[in-house]
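In full-length UniProt numbering, the protein residues as written are 1 to 352.
In C-alpha cells form, the structure reads like this:
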C-alpha cells in the first residue's frame, strides 16, 4: 500500500450553488425554509474547514481503478461515519448507499477505460463516500478527500445519490485538484477556501463537461441523442427539471426557475458565482461536440483531458481555450476538423 497526501489547496466543492438553495428557501415555508437557510450557512462554514491541518492521507492501491468504501453518517455530521460496504462486497439494504457506490464505480470506470487513468490520482487512490449526511441536508460535495451526500427533502430537493452526473461532477473536482497544481481557481479569503473568478468557473465547467461525458458514455449516447442536462431530477418538479444545461445555458424552460447562466462572454458576471459563469465554457464544449457529432468522449474528451495537463491554477477562459486548441492539434494534427470545431466554438462564445 502507498499513500498520497491531500493537496493543501483542495477545497470543499458543492453540487448545489448557494443561489439555487437561496431561491428555493424563498419559495419554501416553515421548518423546511428554516432548515434550508441553516444548510446554506453550514455550507458557507464548511468552506473554511479545508484550511485546518490534515493529519490523514489518501490511501492508494497501485493499478486498481476501483477502490470504493461507503459509509453512513446516520444523519449526523461526523465523517466518514459507519462503514456499510467496501469494494467487491455485495449490495446492502440501503438504496442510497448502493446508488452512490454504483455511480462512483461508473465514473471511475470511465476515467480508466477512456483515459487510462487509475482512479482520481492516476495511482489507485481510494474513494470514500458518505451517505445520509446531516438531517435532510440539501447538498452533495467533494470535501477535498471524499464524497458526501445529503438526503435533501422531497419538498424541494429530491436527493443526490441517484444522479450519475452529480456524482461524476463532484469526483471530477477531485481529479482537477490533483491534476492542476495549486488548485484551479482556488483562493483563500477571510479564512475560507473557495473557487473564484474565471479559473473557478472553469473548474466548475470542467466538472460539468466530464460529468456529461460520463453520463453519455454510460448510456452510449451520441452528442445528438444526449440532452446535455446536469442535475436532472435533483429538484422537486415544481422548481425545475435540472440545474444546468450545456446546450442551452440560462434557458429556464429546460433547467430551473431562475437559471441565469450566460452562454457567451457578453453575459459574463464580474465577481459572479462560478456555477453561473461556467455556462460559457460549458457551451463552448457543447458547440464543438455538436459540430463534430459522434460520441463526445471520443472526439473532444481527449482534448479537454489533455488541456488539463497544460494549465495552472490561474488559467482563465482564453488561456484554456488555447490549451484545448493546442491539445487538439497534438492529438489530431493542426489542420484537423477537431481543431477547427474547437476554435469555432470558442469564437462563438466570444472567448477568442
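Note that the Cβ used here is the ideal one computed from N, Cα and C, for glycine as well.
Check whether residue i and residue j have beta carbons under 7 angstroms apart
i, j, result
"residue 143", "residue 12", "yes"
"residue 298", "residue 276", "no"
"residue 149", "residue 131", "yes"
"residue 65", "residue 32", "no"
"residue 350", "residue 265", "yes"
"residue 286", "residue 247", "yes"
"residue 77", "residue 134", "yes"
"residue 156", "residue 236", "yes"
"residue 245", "residue 228", "yes"
"residue 138", "residue 195", "no"
"residue 292", "residue 241", "no"
"residue 180", "residue 107", "no"
"residue 182", "residue 120", "no"
"residue 289", "residue 296", "yes"
"residue 109", "residue 35", "no"
"residue 253", "residue 259", "no"
"residue 115", "residue 305", "yes"
Residue i, buried or exposed, once every other Cβ within 10 Å from all chains shown has been counted against 16
i, result
"residue 200", "buried"
"residue 216", "buried"
"residue 317", "buried"
"residue 53", "Note that residue 53 scores 35 on pLDDT, short of 50, meaning its location in the model is unreliable; the coordinates nonetheless yield the value given after this. Exposed, by the Cβ-count rule."
"residue 97", "buried"
"residue 334", "exposed"
"residue 129", "buried"
"residue 90", "exposed"
"residue 57", "Summary for residue 57: the model assigns pLDDT 46, below 50, so the residue's position carries little reliability; its value from the coordinates is reported in the next sentence. Counting Cβ neighbours within 10 Å, residue 57 comes out exposed, since fewer than 16 surround it."
"residue 280", "buried"
"residue 269", "exposed"
"residue 29", "exposed"
"residue 212", "buried"
"residue 154", "exposed"
"residue 50", "Reliability of the predicted coordinates at residue 50 is poor, the pLDDT of 45 falling under 50, and the value obtained from them is presented with this limitation in mind. Under this definition residue 50 is a buried residue."
"residue 301", "buried"
"residue 93", "exposed"
"residue 25", "buried"
"residue 81", "buried"
"residue 95", "exposed"
"residue 55", "Low confidence applies to residue 55: its pLDDT is 36, below 50, so where it sits in the model is not reliable enough to give any reading."
"residue 140", "buried"
Alpha helix (DSSP H) segment containing residue i, residue limits
i, result
"residue 274", "274-277"
"residue 28", "Note, residue 28: premise wrong, no alpha helix (DSSP H); not H, not E."
"residue 347", "337-348"
"residue 141", "Careful: residue 141 lies outside any alpha helix (DSSP H), inside the beta strand (DSSP E) at 140-142."
"residue 303", "301-308"
"residue 330", "317-332"
"residue 96", "95-115"
"residue 171", "164-179"
CA nearest to the CA of residue i, picked from the options
i, options, result
"residue 166", "133, 76, 158 and 231", "231"
"residue 326", "173, 172, 284 and 343", "343"
"residue 86", "100, 77, 79 and 78", "100"
"residue 426", "114, 294 and 259", "This structure does not reach residue 426, given that the chain is present from 1 up to 352, and the question cannot be answered."
"residue 263", "283, 287 and 304", "283"
"residue 419", "214, 259, 209 and 234", "This structure gives no information on residue 419, because the portion of the chain shown stretches from 1 to 352."
"residue 117", "336, 309, 153 and 95", "309"
"residue 67", "345, 151 and 122", "122"
"residue 257", "23, 15, 16 and 329", "23"
"residue 271", "197, 219, 338 and 147", "197"
"residue 124", "74, 105 and 218", "105"
"residue 190", "25, 27, 17 and 44", "44"
"residue 152", "79, 88 and 38", "38"
"residue 17", "26, 40 and 249", "40"
"residue 226", "193, 209 and 81", "209"
"residue 158", "75, 239, 74 and 250", "239"
Integer Cβ distance of residue i from residue j, believed to fall under 8 angstroms
i, j, result
"residue 172", "residue 207", "4 angstroms"
"residue 313", "residue 184", "6 angstroms"
"residue 320", "residue 311", "6 angstroms"
"residue 84", "residue 102", "With a Cβ gap of about 13 angstroms, residue 84 and residue 102 do not count as contacting."
"residue 303", "residue 336", "That pair is no contact at about 10 angstroms."
"residue 353", "residue 202", "In this structure the chain extends from 1 to 352, so residue 353 is not present and cannot be described."
"residue 323", "residue 307", "4 angstroms"
Delimiting residues of the beta strand (DSSP E) encompassing residue i
i, result
"residue 214", "Unbroken run through residue 214 is the alpha helix (DSSP H), 197-219; no beta strand (DSSP E)."
"residue 149", "147-149"
"residue 128", "127-131"
"residue 187", "186-189"
"residue 235", "From DSSP, residue 235 is part of no beta strand (DSSP E); its letter is neither H nor E."
"residue 82", "82-86"
"residue 71", "68-72"
Any C-beta of chain D under 7 angstroms from that of residue i
i, result
"residue 288", "Looking for chain D here will not work: only one protein chain is present."
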